[in-house]
Each structure stands twice: as C-alpha cells, then as structure tokens.
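From first to last, the protein sequence lines are chains A and B.
Its first residue numbered 1, the first sequence is counted upward by one per residue in the UniProt record's numbering.
Its first residue numbered 1, the second sequence is counted upward by one per residue in the UniProt record's numbering.
Number of protein chains: 2
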Amino acid sequence: MASNEVKLLSSWISPYVLRAKIALNIKRVEFESIPETLFPKSDLLLKSNPVHKKIPVLIHGDRIICESLVIVQYIDEVWASGPGILPSDPYDRAIARFWAAYIDDKWFPNVRALLVIEEDEAKKATLEQITEGLVLLEETFTKCSKGKKFFGGDNIGYLDIALGCFLAWLRVLERITDVILLGETKTPLLFKWALDFSSEPVVQPDMPDIDKLHEYSKGFSQRLKAFDKKKK
Amino acid sequence: MASNEVKLLSSWISPYVLRAKIALNIKRVEFESIPETLFPKSDLLLKSNPVHKKIPVLIHGDRIICESLVIVQYIDEVWASGPGILPSDPYDRAIARFWAAYIDDKWFPNVRALLVIEEDEAKKATLEQITEGLVLLEETFTKCSKGKKFFGGDNIGYLDIALGCFLAWLRVLERITDVILLGETKTPLLFKWALDFSSEPVVQPDMPDIDKLHEYSKGFSQRLKAFDKKKK
Numbered sequence: 001m002a003s004n005e006v007k008l009l010s011s012w013i014s015p016y017v018l019r020a021k022i023a024l025n026i027k028r029v030e031f032e033s034i035p036e037t038l039f040p041k042s043d044l045l046l047k048s049n050p051v052h053k054k055i056p057v058l059i060h061g062d063r064i065i066c067e068s069l070v071i072v073q074y075i076d077e078v079w080a081s082g083p084g085i086l087p088s089d090p091y092d093r094a095i096a097r098f099w100a101a102y103i104d105d106k107w108f109p110n111v112r113a114l115l116v117i118e119e120d121e122a123k124k125a126t127l128e129q130i131t132e133g134l135v136l137l138e139e140t141f142t143k144c145s146k147g148k149k150f151f152g153g154d155n156i157g158y159l160d161i162a163l164g165c166f167l168a169w170l171r172v173l174e175r176i177t178d179v180i181l182l183g184e185t186k187t188p189l190l191f192k193w194a195l196d197f198s199s200e201p202v203v204q205p206d207m208p209d210i211d212k213l214h215e216y217s218k219g220f221s222q223r224l225k226a227f228d229k230k231k232k
Numbered sequence: 001m002a003s004n005e006v007k008l009l010s011s012w013i014s015p016y017v018l019r020a021k022i023a024l025n026i027k028r029v030e031f032e033s034i035p036e037t038l039f040p041k042s043d044l045l046l047k048s049n050p051v052h053k054k055i056p057v058l059i060h061g062d063r064i065i066c067e068s069l070v071i072v073q074y075i076d077e078v079w080a081s082g083p084g085i086l087p088s089d090p091y092d093r094a095i096a097r098f099w100a101a102y103i104d105d106k107w108f109p110n111v112r113a114l115l116v117i118e119e120d121e122a123k124k125a126t127l128e129q130i131t132e133g134l135v136l137l138e139e140t141f142t143k144c145s146k147g148k149k150f151f152g153g154d155n156i157g158y159l160d161i162a163l164g165c166f167l168a169w170l171r172v173l174e175r176i177t178d179v180i181l182l183g184e185t186k187t188p189l190l191f192k193w194a195l196d197f198s199s200e201p202v203v204q205p206d207m208p209d210i211d212k213l214h215e216y217s218k219g220f221s222q223r224l225k226a227f228d229k230k231k232k
C-alpha cells in the first residue's frame, strides 16, 4: 500500500462512520470506503480494531486510527487542505470537546435506547430526555455559533459533525415513534441548523436516505435487542 | 477576579481532579484549589458544571472548563510554560486519545464497580477484567514509551495522567480485595512505571495517602451503593 493511501472501514448506516467521512470531505482527502458487513464482523475489522471491534476505522498508510472523534481530530491535525474542524481558540475547543462528549456519553444512549425499549412508560421518559438534551444543545448552539450558521461559525466544525451525524437516525426515530424530536417549536435554531447542515456539499452526498434507513431500522432494531439480551 | 486567575474545584479523593492538578503542575501554573464538599454538592459546583455536577472544574478568569480530559487538553494548549502534555505527532496524539478514552469508558467502570459489587462471582469476573485491561495497557506502554520511562517518553504525558490518576485507588482496592491488581508478575513494565510516575515532583505532592484513602473508602463505598440504588 502506498504510504499515504487512505481507507475507511465503513457502513452507510453508521453515524460514527459519517463523522469520519464528513471530516475527510472537509479536508478534500480522497479515500477508499471499504464496506464493513458487521453481521458477522470482517477479519479486517477484528484485526484493525481488536479493542472495540467497531467502525469507523481509518487506515492512513500503515497507521490505524479508531474511534470516530479521535479520527476526526486526527484528520483535522494531519490535513491542512481544508478549513479547520476544531475551533482555533483553546477555550472554544474545550467547549466543543465537552459537548461532543456530552452527545456521545449522555444524549445518544437515549437515542439508541429508543430502538430497543418496549414499555410505554420507559419510552416516554426516554423521549423526554432526548428532547431535554436537544434543548440544552440549542442553548449551546446560540453560544457557539454567535449568530452564524453552524456551531463552528461559518463552516461546519467539530460539534456540527458530532451531532449532525445522528440527524438521519433522528428522523427515522420520529417516524417509528410518531413523535417530533427535533422540531421547530422547541428547538427552532437546531431545526434550521439541521437543514443547513444536511444540505452542505461535504455532508449531503453521504447522508443516508431516510426511507432506506427506516426500512433498514426494522431488522436492526431486532438485532440490537438480541445483542442487548446476550450482553445481560 | 483578575482575568488570568486560576481556580480548581477539587477533592483530594478524586482521580479526575488529580489529572487537572498534575497538568497544572507540569505547566507550573499557580492555582487556588477550592475543596468541594460533594455530599452535598456546593452551589459553586452546581452553578459551574450544571450538566454533570462533577469535579474537577477549572476556572480560568471568566472561563469555566469541565471534564478532566478536556481540562488537561485545555491546559496543554493554553500554557507553554512546561513540556507538552499531548504528543506532538498527530498519530501519537490519536493513540493517546484512544487509550485515554479506553481507560475512562471500558477499564475504569470495572474499578468503580469493585467498590459496590457484593457477590463473589461478579467480583471475581470484575477483577479479571481489570487485570486484562492492565495487560492491554502494558502492551500499549511498550509501544508508546519506546523504551523510555513514561507513556509520554521522557516526560509524563496525556496517557500517563489518564491512567496514573487511578494508582492510589488501585492500591486501596488491592487492600480491600486482597488481590494484586497492578503487580510485577503480569505487568512488570506498568509496575515500574507506577513507581516512577508516583515519585515525579509534579505528581508526588498531590498523590493521596493510601492509608487515608483506604480509611475514606469505607464510608465512600456505602455512599456509592446508596447512589447506585437510588439511580435504579
């Protein structure tokens, strides 16, 4: 393999893979997307990410980088061929990292839970927590964007990628639950942001089709339930 | 408050606070440590970290930064008054970030669990997982340190801080369980590293006293159990 060749172990359904793709698009890096089967996991995945066995995996020459937010930061630091992804000010960077961690550790687990929860009461509580999180992120948007289009200002940045990667799945969950999660009433700024984000040239071609993802989610939800049961 | 004054909401028992302290020590930053009571949480804590309500909180002039690894990166980026904490090469940085996230997301939850688990079988399984994690980290040490004293090379770096902050608690858990967790047999390099790390001038004065921490852990374990029960 040529020393600078870039490959990405991918799946069109994975929000985490989408993060890496958007970051590579921002930096105009050409890369080969290697579709990962996931059920079962490929030997290449097991070999390149033995700790988590999860996509995305970025293969850059002989370097292997795992974990989506680590990958996005790596891409930002290695390639200067596009706008910066993390803010340039250390404090703004800290704020972006704080909220990206919040999204992954606190907010998204509720989104995932919606795919497996069956009891109405628990579902209702989870929906409320998702909306509360989005209201918090709406406040964060006001502070970070300073009146501009994105969390990152004029351009898509770290926090835009961290949250925006979940938009297609959010829309699918709205269909499944018949509840508006990211709506104009409670989160008008994020509602507008979601439209802007999704139509950006570095995002739009890689955004999953909602109909196709909705169809896929039916079988996926069963797989997640089986996975969670096995884990217990 | 003068615009560059540095304060840290702290507690001597918190490994996460220790991360921030070590980073500040490395950069030779003078700071005021404000002891946080935790039970109950102070108004200052609730106001400065409303999302997680957790220490450490770094107050730098009018900037408030939360989450220990975010704080360590902020300190590294703001102050050039000491050696770099994150590696200078983007790939080495990615590796350090990957393993720091592993420590927090995969490895430490087992350490914390030991304080609350009561059943022998579950305790045994958890002890094994902790050791397995340390064996993995021993391999990582070989790759990162390249024959030098620390993960970060000649100086203490990001990954040293991320793991080293837990050393005192590990020793306390060894006393409680009568099991060697970080020993010379299975992890000879980390055993040596732990001694080197703990005796560094930027670490040693802030390392909790093991006897005192052991004494504290007795009541703390009951509090954790009560907290977990309430959460359920």
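Here a beta-carbon is modelled for each residue, glycine too, at the ideal position from N, C-alpha and C.
Just so we're clear, the structure is a prediction, and the values are computed from it rather than from any experiment.
Of the choices the options, whose alpha-carbon is the least far from that of residue i?
i, options, result
"V57 (chain B)", "B:E121, B:V6, B:T142 and B:S199", "B:V6"
"S11 (chain B)", "B:P35, B:V29 and B:R28", "B:P35"
"L173 (chain B)", "B:Y216, B:E67, B:A20 and B:H52", "B:Y216"
"V70 (chain A)", "A:A20, A:G84, A:R93 and A:P40", "A:A20"
"S145 (chain B)", "B:K192, B:L170, B:I210 and B:A80", "B:K192"
"G147 (chain A)", "A:D209, A:R171 and A:L189", "A:L189"
"F227 (chain B)", "B:T131, B:A113 and B:P87", "B:A113"
"D62 (chain B)", "B:A194, B:N4 and B:F39", "B:N4"
"E77 (chain B)", "B:L24, B:F31 and B:T177", "B:L24"
"H214 (chain B)", "B:I176, B:S33, B:A194 and B:P205", "B:I176"
Do you know how far the Cα of residue j is from the Cα of residue i?
i, j, result
"K229 (chain A)", "V17 (chain B)", "36 Å"
"K225 (chain A)", "V116 (chain A)", "6 Å"
"L44 (chain B)", "L9 (chain B)", "9 Å"
"P90 (chain B)", "D154 (chain B)", "18 Å"
"G133 (chain A)", "W107 (chain A)", "6 Å"
"E128 (chain A)", "I22 (chain A)", "29 Å"
"H60 (chain B)", "Y74 (chain B)", "10 Å"
"I210 (chain B)", "T140 (chain B)", "27 Å"
"L137 (chain A)", "I180 (chain B)", "44 Å"
"D104 (chain B)", "Y158 (chain B)", "13 Å"
"I13 (chain B)", "E118 (chain B)", "22 Å"
"G84 (chain B)", "A162 (chain A)", "27 Å"
"K212 (chain B)", "D178 (chain A)", "55 Å"
"F39 (chain A)", "P205 (chain B)", "51 Å"
"T126 (chain B)", "P109 (chain B)", "10 Å"
What does a CB cutoff of less than 6 Å around residue i pick up in its chain, not counting 5 residues either side in sequence?
i, result
"S48 (chain A)", "V57 and I64"
"G82 (chain A)", "I26, K27 and R28"
"P208 (chain A)", "W12 and A168"
"G152 (chain B)", "D160"
"L33 (chain A)", "First, the residue type needs correcting, since residue 33 (chain A) is Ser and not Leu in the sequence shown. Cβ neighbours of S33 (chain A) beyond the five flanking positions: L8 and S10."
"K231 (chain A)", "none"
Can you list the residues of chain B that residue i reaches, using a CB-CB cut of under 9 Å?
i, result
"Q73 (chain A)", "P90, R93, A94 and R97"
"Y102 (chain A)", "V51, H52 and E67"
Name the chain B residues that come within less than 8 Å of residue i, Cβ to Cβ?
i, result
"I210 (chain A)", "By Cβ distance, chain B contributes nothing, its closest Cβ being about 30 Å from I210 (chain A), past 8 Å."
"V179 (chain A)", "Within 8 Å Cβ-Cβ: nothing; V179 (chain A) doesn't reach chain B, min ~24 Å."
Name the chain A residues whose beta carbon is nearer than 8 Å to that of residue i?
i, result
"V70 (chain B)", "A94, R97, F98 and A101"
List the residues of chain A that residue i touches, going by C-beta distances under 7 Å, in chain order.
i, result
"R63 (chain B)", "Y91"
"D118 (chain B)", "What sits at residue 118 (chain B) in the sequence shown is Glu, not Asp. None at all; the shortest Cβ gap to chain A is about 19 Å."
"V78 (chain B)", "P90"
For residue i, I'd like the list of residues in its chain whose CB is within less than 8 Å of its CB, leaving aside the five on either flank, ordered along the chain.
i, result
"F197 (chain B)", "F150, I156, D160, G164, L167 and V203"
"V51 (chain A)", "C66"
"Q111 (chain A)", "In the sequence under discussion, the amino acid at residue 111 (chain A) is Val, which differs from the Gln named in the question. Closer than 8 Å at Cβ, skipping near neighbours: I130, F166, W169, L170 and L173."
In chain order, what residues of the same chain have a beta carbon less than 7 Å from the beta carbon of residue i, not counting five sequence neighbours either side?
i, result
"residue 258 (chain A)", "Residue coverage of chain A in this structure runs from 1 to 232, which leaves residue 258 (chain A) outside it and unanswerable."
"R93 (chain A)", "L86 and P87"
"E200 (chain A)", "I156"
"residue 234 (chain B)", "Here chain B has residues from 1 to 232 only, and residue 234 (chain B) is not among them."
"L46 (chain A)", "K53"
"S68 (chain B)", "Y16, R19, A20 and P56"
"W79 (chain B)", "K27 and V29"
"S42 (chain B)", "E36"
"I95 (chain A)", "C144"
"V72 (chain A)", "R19, A20, A23, I85, Y158 and I161"
"F31 (chain A)", "V6, K7, L8 and L24"
"A194 (chain B)", "L167 and L182"
Report task. Below 9 Å between beta carbons is the criterion; list the residues of the region 133-150 of chain A that meet it against any residue of chain E, in chain order. Result -> Of the protein chains in the structure, A and B, none is chain E.
(Q) Would the region 118-128 of chain B count as touching the region 85-103 of chain B if we require 3 or more Cβ pairs under 8 Å? (A) When Cβ pairs closer than 8 Å are counted between the two stretches, the region 118-128 of chain B is seen not to touch the region 85-103 of chain B, the count staying below three.
Check your understanding: So, do the region 178-191 of chain A and the region 203-222 of chain A have three or more beta carbon pairs nearer to each other than 8 Å?
Key -> Counting Cβ pairs under 8 Å, fewer than three are found: no touch.
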